[in-house]
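Asks: Let me begin by handing over the structure; questions about it come next.
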Amino acid sequence: MPKKIMVVDNEPDTVELVKAILEDKGYEVVKAYSGMECLRKVDAERPDLVLLDIMMPDLSGWDTYGRLRKKDQKIKVSFLSVIEISKERLDKLLQSGLSDYITKPFTADELVVRIRRILPG
Amino acid sequence: MKIGLKLIISFELLALLVIVVVGYALFAQASEAIEERTIAQLESVVVLKENRMNDFFKENAEDLTNIQEESSSLLINQESKKMNYPEDIRRVLNGKLGNNPDYIEFFVLDPDGNVYASTNEAQEGKIKSNEPYFTEGKNETFVQSFYYDSALQQPAITISTPLKDNEENVVGVLAGRLNLEKISEIMVGMSGLGETGETYLVNKFNFIVTESRFEKDMALKETIYTDGVKDCLEGNNGHGHYIGYRNSPVIGSYAWIPERDVCLLAEIDQDEAFAPINRLKDIMILFGIGTAAGVSVLGIFLSRKITNPINELIKGTEEVRKGDLSTRVNVRSGDEIEQLAIAFNQMTSDRKRSQEELKKTEEEKREELGQLVKERTQEIEEKTRALEGSRLATLNILEDVSEAKDKLGQSYSELKKLDSMKDDFVNIGAHELKTPLIPVIGYLSMVIKDPGLSEGNRKKLEIAFKAARREEKLVKDVLDISKLESGAMKFEMEDVNIQDLVDRSVQEMQSPAKERGIVLESKSLQALPKIRGDPQRLEQVITNLIGNAIKFTDKGSVTVEAKQDGSVVVVSVKDTGIGIPKEAIPKLFVKFYQVETTLSRNHEGTGLGLAICRKIIEAHNGRIWVESTLGQGSTFSFTLPIEKTEHLANG
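Residue numbers (the numbering used here), protein chains in the order written: chain A, 1 to 121; chain B, 1001 to 1651.
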């Protein structure tokens, strides 16, 4: 069964880029353009991983992550953001169950490698 | 145990004791008395009967003697000195029977002892020579009593007297048989001995001689061996109580009558004799029961009288224990308990009084205290008023101070707002600057891999990709320097081991160094104290310096060294590169300044690296500088202050 990845970003170009890269590698990709849309779709879609942008207009990535985590302790989430965060914050997030923090821009290889690390097999 | 029960038991025991003792004594006394009386009675009966019997015999003996005297001439032929014809004698004897009702037979015995003539003709001719009345009667008047006449088959008494002629010669024996019933009559006749009393005669052979009052046909047929008879037959007169011949206990009195060779006994059943006592015993028992009941009642009554007042007292103490000191116990028993109740009442009222007094004192004291407090409060208020004046003065100062604080607070919140605005600005800036690069770098990196791509196209795309990467770095640097300059950069200060950072940096930069064929190494001379700094940013500085060193060195080495110098740690990156012209040195750390030399144009610097390093180091209270000789190499160094305590520890 191919792994399903949900990509959440208000920037359509980014969403399309991620979709192109991952589908090329055999992943199934689900799109969401806002935090709310992500939360709406996540129960039905049940993705193996959620790639979450941070700077989004309605519901920020932080809040979306908080709600996702409250809903489902086990769901795998990785941020996908231009913002660089402090080591301290990153450690806290990793402890809370965040799988990774991938910075943009990224090359196709970088993205795939990081995702393979989160979703082995 | 309750008092009532104690009383009842004590009384019952006492009563019982008394009854038993008294009863027993009475009983014993009465028994004795009755026995004595009975015996006396019996004895007198014995005497009476004896006399009567003796009288009977005496009389009848006399009568026979008289008959002999009177009739001898009729009975005896005086001339022949022989007895007349039997018919004649018979006639005479019969005549005598009429006059002597006690006799039932007269007869004459010849000198041989044969019955010569008898009023009972059938007896004539019988031999009676062995009979004592013949053998004795020949000599004198003889009473043979209480023998069993075998011929007649009945007990008999016979009196005999010698038949004499006028010359006193014994011609024969005149005898008369007595009516035994007469004796029995004497014996059995009422003598006031009650229902069970009787008298009877017993002969030497233990045969009862007279008829028993109670059992028929005993005379001279049954024997009696009671203690009384035994004792009597030994020749004793006496009395006692023993088992009678009817197997019932009797009291008896007896006398041995030697003339008749018989025992005369008078007996009465003990039951009858002691009947009165038994009645007494029954009365006593009833009395005892009655007393017990009465005592119980008395006991209950008495105990009530005692326990009721006591219970009153108990109730009273209960009330007091619960706290009600107005309780009074009402007891009018007129005894010690009443006194106790009075004392109790006294005690509680005393206690109540002292309690009230105590309360009163307490209240007084409280009032005093209140008064005292009021006075003191007044004093304090006066003093406070005095202070008010100075207070107002201070208040004004305080007001000013708080105003200043408010302003400070305001500026602080303004600053914070500014700060977050800066953060937002930086974030938004970063976002906007970086966002276009995302698809560029992303797609280019993908497409470059396309196997269907021509070599020429691939090369073009690679150039574009690298340019995009350079742009990405430039954006990063610009953002960094802008954050550093605006103060938006947040350092995460920790205790840092500089040597670790150096080693990590050196490790990371090994491959670019190898690509250019130069040696990159670190030298550590000594153990370095920890310094306070942001490890990420400091590593960034070291990496930047190493990167520059590698870029400007074609051959040789780059050496990184860290050491302590007094109160600072000095890190230096030394290369054997092309060096820096003197005039360029002051401008090195300035934004966007890039050293241009004819020799190297393909460096990919942004001109911001050193400026960023300077900002970072200066933010750490350090200093950064360079020493360089053109053509020989350059050494970039920076210092970081050591924590005071650490500094002291390491001298």
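We put the beta carbon where it would ideally sit given N, CA and C, even for glycine. Just so it is clear, the structure is predicted and the values come from calculations on it, not from any experiment.
At what residue ranges does the segment 1142-1203 of chain B contain a whole run of the beta strand (DSSP E), taking only runs of 3 or more?
Replies: 1142-1149, 1154-1164, 1170-1178 and 1198-1203
Asks: Less than 8 Å between the CB atoms is what I'm expecting for A/Ser99 and A/Val77, so what's the real figure, rounded?
Replies: Taking the first residue of the first sequence as position 1, residue 99 of chain A is located at position 99. Taking the first residue of the first sequence as position 1, residue 77 of chain A is located at position 77. The pair is a contact, with the Cβ atoms about 6 Å apart (cut-off 8 Å).
Asks: State the Cα-Cα distance for the pair B/Gly1651 and B/Leu1528, rounded to the nearest angstrom.
Replies: For the purposes of this step, residue 1651 of chain B is taken as the residue at position 651 of the second sequence. For the purposes of this step, residue 1528 of chain B is taken as the residue at position 528 of the second sequence. Bear in mind that a pLDDT of 44 at B/Gly1651, under 50, signals an unreliable position, so the number given afterwards is only what the model happens to contain. Whole-angstrom Cα-Cα distance: 12 Å.
Asks: Can you tell me where the beta strand (DSSP E) holding B/Asp1575 begins and where it ends?
Replies: Mapped onto the second sequence, residue 1575 of chain B falls at position 575. It spans Val1568 to Asp1575 - the beta strand (DSSP E) in which B/Asp1575 sits, taken as one unbroken run.
Asks: List the residues of chain B whose Cβ lies closer than 7 Å to the Cβ of A/Ile83, in chain order.
Replies: Residue numbering aside, residue 83 of chain A sits at position 83 when the first sequence is read from its first letter. What A/Ile83 touches in chain B: Asn1427 and Ala1430.
Asks: Which first and last residues belong to the alpha helix (DSSP H) in which B/Leu1264 is found?
Replies: Looking up residue 1264 of chain B in the second sequence gives position 264. Counting along the chain, B/Leu1264 falls outside any alpha helix (DSSP H), though it belongs to the beta strand (DSSP E) covering Val1262 to Asp1269.
Asks: Determine the closest residue to B/Gln1536 out of B/Ser1505, B/Leu1005, B/Glu1050 and B/Gly1547, with distance taken between C-alpha atoms.
Replies: In the second sequence, residue 1536 of chain B corresponds to position 536, counting from 1. Taking only the C-alpha atoms, the option nearest B/Gln1536 is B/Ser1505.
Asks: For B/Leu1599, name the three-state secondary structure that DSSP assigns.
Replies: Residue numbering aside, residue 1599 of chain B sits at position 599 when the second sequence is read from its first letter. Residue confidence is low: B/Leu1599 scores 49 on pLDDT, short of 50, so the model does not pin down where it sits. Its coordinate-derived value is still stated next. Correct three-state label for B/Leu1599: coil.
Asks: Consider the C-beta atom of B/Glu1561 and the heavy atoms of the ligand SAM; say whether any pair is separated by less than 7 Å.
Replies: For the structure depicted, the ligand SAM is absent and the ligand set is empty, with no information on it obtainable.
Asks: Taking any Cβ of chain B, which residues in the segment 97-116 of chain A have a Cβ under 7 Å from it, in chain order?
Replies: Lys104, Pro105, Phe106, Thr107, Ala108 and Asp109
Asks: So with CB distances below 9 Å, who are the chain E contacts of A/Thr14?
Replies: Among the chains of the structure shown, chain E does not appear; the protein chains present are A and B.
Asks: Taking the alpha carbon of B/Pro1439 as the reference point, which residue from A/Gly121, A/Arg116, A/Phe106 and A/Leu39 has its own alpha carbon closest?
Replies: For the purposes of this step, residue 1439 of chain B is identified with residue 439 of the second sequence, where counting begins at 1. Nearest to B/Pro1439 by alpha-carbon distance, out of A/Gly121, A/Arg116, A/Phe106 and A/Leu39, is A/Phe106.
Asks: Given 8 Å as the limit, is there contact between the segment 1174-1181 of chain B and the segment 1046-1066 of chain B, that is, 3 or more CB pairs closer than that?
Replies: yes
Asks: What are the residues in the segment 16-33 of chain A lying within 9 Å of chain B by C-beta distance?
Replies: Glu16, Leu17, Val18, Ala20, Ile21 and Asp24
Asks: Rounded to a whole number of angstroms, what is the C-alpha to C-alpha distance between B/Lys1476 and B/Leu1398?
Replies: Here the question's residue 1476 of chain B lines up with position 476 in the second sequence. Here the question's residue 1398 of chain B lines up with position 398 in the second sequence. Taking the straight line joining both Cα atoms gives about 49 Å.
Asks: Do we get a CB-CB distance below 8 Å when we pair A/Glu11 with the residues of chain B?
Replies: Taking the first sequence and counting its residues from 1, the one referred to as residue 11 of chain A is at position 11. At least one chain B Cβ lies under 8 Å of A/Glu11.
Asks: Suppose you measure from the CA of B/Asn1077 to the CA of B/Asp1231; what does that come to, to the nearest Å?
Replies: Your numbering for residue 1077 of chain B matches position 77 in the second sequence. Your numbering for residue 1231 of chain B matches position 231 in the second sequence. If I take the Cα positions, the gap works out to 51 Å.
Asks: Put B/Tyr1443 into one of helix, strand or coil per three-state DSSP.
Replies: Residue numbering aside, residue 1443 of chain B sits at position 443 when the second sequence is read from its first letter. Three-state DSSP puts B/Tyr1443 in a helix.
Asks: Is DSSP giving B/Glu1121 helix, strand or coil here?
Replies: Counted from its first residue, the second sequence places residue 1121 of chain B at position 121. Correct three-state label for B/Glu1121: helix.
Asks: Nearest to B/Ala1255 by alpha carbon, out of B/His1239, B/Pro1249, B/Asn1247 and B/Arg1246?
Replies: To locate residue 1255 of chain B, count along the second sequence from 1; it is residue 255. The candidate whose alpha carbon is nearest that of B/Ala1255 is B/His1239.
Asks: In whole angstroms, give me the CA-to-CA distance for B/Ala1273 and B/Arg1213.
Replies: What you label residue 1273 of chain B is simply residue 273 of the second sequence in a count that begins at 1. What you label residue 1213 of chain B is simply residue 213 of the second sequence in a count that begins at 1. Approximately 17 Å between the Cα atoms of the pair.
Asks: Unbroken beta strand (DSSP E) runs of length 3 or more, entirely within the segment 5-29 of chain A: which are they?
Replies: none
Asks: Taking the alpha-carbon of B/Leu1538 as reference, which of B/Arg1623, B/Arg1391 and B/Gly1487 has the nearest alpha-carbon?
Replies: The sequence position of residue 1538 of chain B within the second sequence is 538, counting from 1. Considering only alpha carbons, the answer is B/Arg1623.
Asks: Which residue from A/Asp43, A/Trp62, A/Met1 and A/Tyr101 puts its Cα closest to that of A/Lys74?
Replies: Position 74 of the first sequence, counting from 1, holds the residue named residue 74 of chain A. Closest by alpha carbon: A/Asp43.
Asks: The alpha helix (DSSP H) spanning B/Ser1402 covers which residue range?
Replies: Numbered from its first residue, the second sequence carries residue 1402 of chain B at position 402. Under the DSSP assignment, B/Ser1402 falls in the alpha helix (DSSP H) whose first and last residues are Glu1336 to Lys1434.
Asks: Would you say A/Leu94 faces chain B, with C-beta separation under 8 Å as the test?
Replies: For the purposes of this step, residue 94 of chain A is taken as the residue at position 94 of the first sequence. It does not: the Cβ of A/Leu94 has no partner Cβ on chain B nearer than 8 Å.
Asks: Looking at the secondary structure, which residues open and close the beta strand (DSSP E) in which B/Ala1255 lies?
Replies: Position 255 of the second sequence holds residue 1255 of chain B. DSSP places B/Ala1255 inside the beta strand (DSSP E), whose first and last residues are Pro1249 to Ile1257.
Asks: Can a CB atom of chain A be found closer than 8 Å to the CB of B/Ser1637?
Replies: One-based indexing of the second sequence puts residue 1637 of chain B at position 637. Using beta-carbon distances, B/Ser1637 does not count as an interface residue toward chain A, since no partner is under 8 Å.
Asks: My guess is that B/Leu1193 and B/Ile1268 are in contact by the Cβ rule of under 8 Å, so how many angstroms apart are they, rounded?
Replies: Position 193 of the second sequence holds residue 1193 of chain B. Position 268 of the second sequence holds residue 1268 of chain B. Sure, about 5 Å apart at Cβ, within 8 Å.
Asks: Report, in whole angstroms, the separation of the C-beta atoms of B/Asp1534 and B/Met1493, which I expect to be a contact under 8 Å.
Replies: Residue numbering aside, residue 1534 of chain B sits at position 534 when the second sequence is read from its first letter. Residue numbering aside, residue 1493 of chain B sits at position 493 when the second sequence is read from its first letter. Indeed they touch by this definition, with Cβ atoms about 6 Å apart.
Asks: So A/Glu88 contacts chain B; which residues on that side make the cut at Cβ distance below 8 Å?
Replies: Within the first sequence, numbered from 1, the residue matching residue 88 of chain A stands at position 88. Within chain B, Glu1492 have C-beta atoms less than 8 Å from the C-beta of A/Glu88, given in sequence order.
Asks: Find the residues of chain A that neighbour B/Glu1472, judging by a C-beta separation of less than 8 Å, and give them in chain order.
Replies: As a first step, residue 1472 of chain B must be located in the second sequence, where it is residue number 472. The answer, in chain order, is Pro105.
Asks: Check each candidate in B/Tyr1148, B/Val1560 and B/Lys1164 and name the one with the smallest Cα separation from B/Leu1109.
Replies: Residue 1109 of chain B sits at position 109 when you count from the first residue of the second sequence. When only C-alpha atoms are compared, the closest one is B/Lys1164.
Asks: For B/Lys1422, I'd like the list of residues in its chain whose CB is within less than 6 Å of its CB, leaving aside the five on either flank, ordered along the chain.
Replies: As a working mapping, residue 1422 of chain B is identified with position 422 in the second sequence. The answer, listed in chain order, is Ser1486 and Ala1488.
Asks: Of the residues B/Arg1470, B/Val1496, B/Thr1559 and B/Gln1410, which one's Cα is nearest the Cα of B/Asp1510?
Replies: Taking the first residue of the second sequence as position 1, residue 1510 of chain B is located at position 510. According to the sequence displayed, residue 1510 of chain B carries Gln and not Asp. Of the listed residues, the one whose Cα sits closest to B/Gln1510 is B/Thr1559.
Asks: To the nearest angstrom, report how far apart B/Ile1578 and B/Ser1522 are at their CA atoms.
Replies: In the second sequence, residue 1578 of chain B corresponds to position 578, counting from 1. In the second sequence, residue 1522 of chain B corresponds to position 522, counting from 1. In a straight line, the C-alpha of B/Ile1578 is about 20 Å away from that of B/Ser1522.
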